[in-house]
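Residue numbers (this note's numbering): 145 to 555.
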């Protein structure tokens with residue numbers, strides 16, 4: 145029996161019971177739960193301060209502003225960036241849209257993306273120009289030859305996904321970025337929303353131009369998205385929102401924007417959530433890195449092996465644990481509704497999992513043909529929960545699914 149890399153007791157939500165049964169939260173690819181230090185940091189701001197930032201000279205405003213900017217520095221340091229290279233927004237979606245709109249591309253701009261991208265890394269680029277998506281193989285790994293073929297079209301933007309939220313595959317972005325740099329002068333925009341919760345990234349060593357991620361997928365509060373941008377590129381980006389907070393001067397004839405990153409942060413931000421995000425980073429940094437990696441591999445093995453030997457279940461993604469996060473997406477037998485299975489797993493067994501198209505419908509349609517069930521684990525989960533989930537799934541499928549031969553889940 146293994147244990148979590150983070151103590152379960154640190155997460156108050158895990159004490160909750162449904163019909164007398166303790167819950168097991170396995171929907172971490174969507175949003176992670178919050179540890180007590182994050183909750184405490186948010187509560188402390190509201191209990192002892194609550195003032196706005198960058199708006200006044202009184203003591204509470206200055207204290208709140210200092211805490212907010214100190215939090216930005218924590219977030220920036222975590223990805224190897226300077227503080228003025230990190231824009232604080234609402235989510236990954238807003239961050240990608242800011243870049244797609246702010247680059248001010250011509251309508252016929254050629255853009256290369258990936259079939260396994262989240263909708264938030266497809267739709268903004270489809271609106272910004274002419275988007276081609278790199279194909280994937282039957283396991284969801286990128287077709288490198290097709291990627292190189294698309295690069296020969298000399299795209300102006302290459303939108304990469306570090307890790308798929310459907311297959312759990314971690315793509316070799318260092319190699320992909322090197323290929324882009326050798327082939328063309330494209331702006332490289334990386335979606336790290338699924339990868340950063342599981343592994344560290346240094347944006348300058350990675351040689352990426354922009355990178356977006358969300359704190360709610362890595363123990364932080366909802367409502368916080370971060371955009372890294374190289375300072376020279378960020379300075380040339382057009383703000384998508386204008387108003388209070390992003391200007392130094394406004395008169396009857398015009399206005400003067402503030403310097404980066406503030407010119408992209410119009411209006412009052414999620415102050416408490418930003419402060420809570422820094423607490424989340426501190427919490428993650430306090431966990432033993434070696435144990436986290438070992439624990440993630442144990443979870444990944446349990447997820448993959450549990451899917452491969454089950455009748456009526458097909459694993460979407462590689463049948464191994466190489467270069468992937470602890471996430472398994474399952475295609476159920478024809479006629480078995482994934483949404484109903486997810487509801488019954490929750491209400492009858494206490495397992496919280498995701499169903500649907502995972503906001504990656506092109507990939508799910510390509511690999512599964514319809515809605516799927518996704519199980520994703522994180523630092524507070526353990527192998528016994530994965531085993532319990534599969535037993536509960538077996539119980540449901542025993543009366544919901546048609547009879548299929550054992551081992552049908554193996555490719």
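C-beta atoms are modelled at their ideal positions from N, C-alpha and C, and glycine is treated no differently.
Which of helix, strand or coil DSSP assigns to residue i
i: residue 338; result: coil
i: residue 353; result: coil
i: residue 161; result: strand
i: residue 270; result: helix
i: residue 131; result: Since the first residue of the chain shown is 145 and the last is 555, residue 131 is not available in this structure.
i: residue 372; result: strand
i: residue 483; result: helix
i: residue 145; result: Interpretation of residue 145 is limited by its pLDDT of 49, a score under 50 that renders its predicted location unreliable; the figure taken from the coordinates is listed afterwards. DSSP places residue 145 in coil when its eight states are reduced to three.
i: residue 314; result: strand
i: residue 156; result: helix
i: residue 246; result: helix
i: residue 475; result: strand
i: residue 518; result: strand
Of the listed residues the options, nearest to residue i (C-alpha basis)
i: residue 332; options: 346, 344, 350 and 342; result: 350
i: residue 471; options: 316, 519 and 428; result: 519
i: residue 260; options: 315, 223 and 241; result: 315
i: residue 456; options: 517, 326, 466 and 522; result: 517
i: residue 342; options: 441, 247, 412 and 507; result: 441
i: residue 252; options: 299, 234, 157 and 290; result: 299
i: residue 560; options: 533, 162 and 232; result: Residue 560 is absent from the structure shown; the chain starts at 145 and stops at 555.
i: residue 322; options: 308, 238 and 288; result: 288
i: residue 539; options: 492, 524 and 504; result: 492
i: residue 237; options: 318, 338 and 184; result: 338
i: residue 385; options: 210, 488 and 234; result: 234
Sub-8 Å separation of residue i and residue j beta-carbons
i: residue 218; j: residue 422; result: yes
i: residue 177; j: residue 190; result: no
i: residue 301; j: residue 330; result: yes
i: residue 212; j: residue 418; result: yes
i: residue 373; j: residue 484; result: no
Element boundaries [beta strand (DSSP E), containing residue i]
i: residue 258; result: 254 to 258
i: residue 447; result: Run containing residue 447: none in the beta strand (DSSP E); it sits in the alpha helix (DSSP H), 433 to 452.
i: residue 305; result: 301 to 305
i: residue 459; result: 457 to 460
i: residue 394; result: 391 to 394
Segment limits, alpha helix (DSSP H) that includes residue i
i: residue 421; result: 415 to 430
i: residue 289; result: 288 to 295
i: residue 204; result: 203 to 222
i: residue 527; result: 527 to 544
i: residue 170; result: Where residue 170 is concerned, there is no enclosing alpha helix (DSSP H), given that its DSSP letter is neither H nor E.
i: residue 180; result: 180 to 192
i: residue 231; result: Where residue 231 is concerned, there is no enclosing alpha helix (DSSP H), although the beta strand (DSSP E) it sits in stretches over 230 to 233.
Determine contact between the segment 213 to 228 and the segment 280 to 299, defined as no fewer than three beta-carbon pairs at a distance below 8 Å. Taking a cut-off of 8 Å for Cβ pairs, the segment 213 to 228 and the segment 280 to 299 do not touch, as fewer than three such pairs fall below it.
Pair every Cβ in the segment 425 to 440 with every Cβ in the segment 503 to 517, then say whether three or more of these pairs are closer than 8 Å. Not touching, per the Cβ criterion.
Check whether the segment 434 to 448 and the segment 463 to 470 are in contact - that is, three or more C-beta pairs closer than 8 Å. Yes, since at least three Cβ pairs between the segment 434 to 448 and the segment 463 to 470 fall closer than 8 Å, the two stretches touch.
Between the segment 266 to 273 and the segment 393 to 404, are three or more C-beta pairs nearer than 8 Å? Too few Cβ pairs lie closer than 8 Å, so no.
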